[in-house]
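**Q** Right, I'll just put the structure down here and ask away after.
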Amino acid sequence: MTVEHLNELLLICSLVLLIAVAAVRLSSRSGLPSLLIYLGIGIAIGQDGVGGVIFDNAELTQLLGYAALVVILAEGGLGTKWKEIKPALPRAAVLSTFGVAVSVGVTAAGAHYLAGLEWRQALLIGAVVSSTDAAAVFSVLRSVPLPSRLTGILEAESGFNDAPVVILVVAFSTAGPAEHWYLLLGEIALELAIGAAVGLAIGWLGAYGMRHVALPASGLYPIAVMAIAVSAYAAGALAHGSGFLAVYLAAVILGNAKLPHAPATRGFAEGLGWIGQIGMFVLLGLLVTPHNLLDDIVPALLIGMILTLVARPLSVFTSLLPFRVPWQEKTLLSWAGLRGAVPIVLATIPMVSDVPGSETVFNIVFVLVVVYTLIQGPTLPWLARRLQLGEGEEAADLGIESAPLERLRGHLLSTSIGPTSLMHGVEVGELRMPAGAAVTLVVRDGTSFVPSPTTVLRRGDELLVVATDPVRDAAERRLQAVSQGGKLAGWLGTGAQRRPQEGAAERGRRRGVG
């Protein structure tokens, strides 16, 4: 590649990114999932589109897809709140193991008996499409105000179920159906255990190190956090464990460790996650050959119907039998099993392994993902409202930026008062900050001033709080409490002020204050 070729490549890639960024705005207004637009961009510049680019390297697509998935899982883990997924862990663990097994079996049986596929192809398709896509789930949950108990289940499930599905797909691609199924189950359990141990260890060590080492530049913190998360994947995979589970668990620990410059780190990770999604979907759109999909449309629609209306609901309802989950929540969880790029990436594994009929498997998975994502994504908010599971707008968690002052043994906390924050109208003295912490500066309408105890805070204000090292966490918790509960937060025995118009049932459904 010459410098001239590099210039052309950079121009094309930057234009694709700009179009993809504009597509996010379009998808948010129309309700059309952005992943379909990215796939459309790849198809448009492919061999059947206006670009005429010929690309058929399934192995490269698989490798880059794995790399993108690592980044997406890391971004999702950093944004996952431990207080939300902790109660959901048992349910998510059962859905990610027993639920996956039910889904694979039912989908494979339907693909064999109803669509006429051979057992090996049917099992591959069943395994490939049984994984919910982390990118699709995290993207939808940003715009659908579901109760925290449901978002916790969906987030944890999408982060956990990639691991057993990858093991199944690799097993079916290399040797076909396992003769001794219990050996395969043992392998899955061992890889999950190793991946979990590696992810928890690296996440804890990384969080400890980041909290006790002051880096010379704030921009280094996001890079270091992402490097720790990616190292968890690599270490887990090299230890013959589940690297995907390792990176997700490590990112969850890092994201909940109250590290310095946490909002900047999440923003950096979110940007990398978007690049990973865009690149992965565009590449998959390039890989597919649209005129070869015609013969596989009917089988794809049939298998997708079996998966969506039978396999997924059956796996959810049977997996959650030991738990007291209302049927409305089970119904929503059944419909929220979104598929995205992950199944398409996994469908490249049998292609790389030269499994007979692997192109048919890929085409069926591609059509299935596109059609049923187009159906499920836009209708999920409507279903949540019909089941009365949507939540109204509430005070969002307060984003607090922390910068360590190592030699002064203190911290600078920077935060903004958002449009739904109950800190609006509170006097600085009414914040009742712990001893050792004080609001030292307020920026309002571009003007900064030192506040007095009677200064009334307003929406849009930016606050600079200085806190000594021992009370840093207490100061942050107090800011969070006032933001969500107002100036009476803590006086009523809870972190958040109860609103008079809310009934007891509604108060019980609201998120607690961290």
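To convert, note that position 182 of the sequence shown is 1188 in this note's numbering; the numbers rise steadily by one, no gaps.
C-beta atoms are modelled at their ideal positions from N, C-alpha and C, and glycine is treated no differently.
Here the structure is a predicted model, which means the values were calculated and not measured.
Contact check, Leu-1290 vs Thr-1067 under 8 Å by CB: the rounded distance?
**A** 7 Å
**Q** Which residue's Cα is closest to the Cα of Ala-1256: Val-1361, Val-1432, Leu-1419 and Val-1077?
**A** Val-1077
**Q** Alpha carbons only, please: which of Ala-1235, Ser-1136 and Gly-1261 is nearest the one belonging to Leu-1374?
**A** Ser-1136
**Q** Check Thr-1426 in the structure and name its three-state DSSP category.
**A** Under the three-state reduction of DSSP output, Thr-1426 falls in the coil class, being neither helix nor strand.
**Q** Kindly list the residues whose CB is nearer than 7 Å to the CB of Val-1371, restricted to its own chain and excluding five residues on each side of it in sequence; keep chain order.
**A** Ile-1131, Val-1134, Val-1135, Pro-1349, Ile-1350 and Ala-1353
**Q** For Ala-1094, which residues does DSSP report across the bridge?
**A** Beta-bridge analysis with DSSP links Ala-1094 to no other residue.
**Q** So the beta strand (DSSP E) Phe-1323 belongs to, where does it begin and stop?
**A** Looking at the DSSP string, Phe-1323 is not in any beta strand (DSSP E); the run it does join, the alpha helix (DSSP H), is 1318–1325.
**Q** Under 7 Å Cβ to Cβ from Glu-1163, same chain only, skipping five residues before and after it: list those, please.
**A** Ala-1098, Leu-1101, Ser-1102 and Thr-1138
**Q** Distance, Cα to Cα, Val-1022 vs Val-1367?
**A** 28 Å
**Q** Pick helix, strand or coil for Ala-1177, following the three-state DSSP scheme.
**A** Looking at Ala-1177 - three-state DSSP - the assignment turns out to be helix.
**Q** By the 10 Å Cβ neighbour count, where 16 or more other Cβ atoms means buried, how is Arg-1330 classified, buried or exposed?
**A** Counting Cβ neighbours within 10 Å, Arg-1330 comes out exposed, since fewer than 16 surround it.
**Q** For Trp-1333, does the count of other Cβ atoms within 10 angstroms reach 16, so buried, or fall short, so exposed?
**A** The residue is exposed, with fewer than 16 neighbouring Cβ atoms inside 10 Å.
**Q** Between the C-alpha atoms of Pro-1093 and Asn-1262, what's the straight-line distance to the nearest angstrom?
**A** 15 Å
**Q** By Cβ distance below 6 Å, which residues in the same chain neighbour Gly-1182 in space, the five residues on each side in sequence not counted?
**A** Bear in mind that a pLDDT of 47 at Gly-1182, under 50, signals an unreliable position, so the model cannot answer this.
**Q** Assign Met-1007 to one of two classes, buried (16 or more other C-beta atoms within 10 Å of its C-beta) or exposed (fewer than that).
**A** It is exposed - the Cβ of Met-1007 has fewer than 16 other Cβ atoms within 10 Å.
**Q** By how many angstroms is the C-alpha of Gly-1277 removed from the C-alpha of Thr-1271?
**A** 10 Å
**Q** Throw me the rounded Cβ distance for the Phe-1166 and Leu-1260 pair, which I believe falls under 8 Å.
**A** With 8 Å as the limit, Phe-1166 and Leu-1260 do not qualify as a contact, their Cβ atoms being about 17 Å apart.
**Q** Taking the beta carbon of Thr-1379 as the centre, do at least 16 other beta carbons fall within 10 Å, making it buried, or is it exposed?
**A** buried
**Q** DSSP on Leu-1419, reduced to helix/strand/coil?
**A** Reduced to three states, the DSSP call for Leu-1419 is strand.
**Q** What are the boundary residues of the alpha helix (DSSP H) that includes Ala-1443?
**A** Unbroken run through Ala-1443 is the beta strand (DSSP E), 1443–1450; no alpha helix (DSSP H).
**Q** Which of the three DSSP states, helix, strand or coil, is assigned to Ala-1184?
**A** Annotation note: pLDDT 49 at Ala-1184 (below 50); position unreliable, coordinate value reported separately. Here Ala-1184 sits in coil by DSSP.
**Q** Check each candidate in Glu-1124, Ser-1154, Ala-1114 and Gly-1282 and name the one with the smallest Cα separation from Val-1027.
**A** That would be Gly-1282, whose Cα lies nearest to the Cα of Val-1027.
**Q** Compare the Cα-Cα distances from Ala-1275 to each of Gly-1085, Gly-1435 and Val-1445 and report the closest residue.
**A** Gly-1085
**Q** The beta strand (DSSP E) with Val-995 in it runs from where to where?
**A** Absent from the model: residue 995. The displayed extent of the chain is 1007 to 1520, so no value can be given.
**Q** Spell out the partners DSSP gives Phe-1455 in its beta bridges.
**A** Val-1448
**Q** Excluding the five sequence neighbours on either side, which residues of its own chain have a C-beta within less than 8 Å of the C-beta of Val-1108, listed in chain order?
**A** So the qualifying residues of the chain are Ala-1317, Leu-1320, Ser-1321, Thr-1324 and Ser-1325.
**Q** Which residues share a DSSP beta bridge with Leu-1469?
**A** Thr-1421 and Val-1448
**Q** Using a Cβ-Cβ distance cut-off of 9 Å, determine whether Ala-1245 contacts chain D.
**A** No chain D is present in this structure, which holds just one protein chain.
**Q** Going by DSSP in three states, Val-1474 sits in which element: helix, strand or coil?
**A** First, the residue type needs correcting, since residue 1474 is Thr and not Val in the sequence shown. If DSSP states are grouped into helix, strand and coil, Thr-1474 belongs with the strands.
**Q** If Asp-1054 sits next to Pro-1296, beta carbons under 8 Å apart, how far is it from one beta carbon to the other, in whole angstroms?
**A** Between Pro-1296 and Asp-1054 the Cβ distance is about 5 Å, and since that is below 8 Å, they are a contact.
**Q** Just to confirm the assignment, what range does the alpha helix (DSSP H) spanning Met-1357 have?
**A** 1354–1358
**Q** What is the DSSP secondary structure of Glu-1124, reduced to helix, strand or coil?
**A** coil
**Q** In chain order, what residues of the same chain lie with their CB nearer than 7 Å to the CB of Trp-1341, ignoring the 5 residues before and after it?
**A** Gln-1382, Leu-1386 and Leu-1389
**Q** Out of Tyr-1254, Leu-1206, Ser-1458 and Ala-1241, which has the shortest C-alpha to C-alpha gap to Gly-1083?
**A** Ranking Tyr-1254, Leu-1206, Ser-1458 and Ala-1241 by Cα distance to Gly-1083 puts Tyr-1254 first.
**Q** Evaluate the contact criterion for the stretch 1447–1456 versus the stretch 1476–1489: three or more CB pairs, one atom per stretch, below 8 Å.
**A** no
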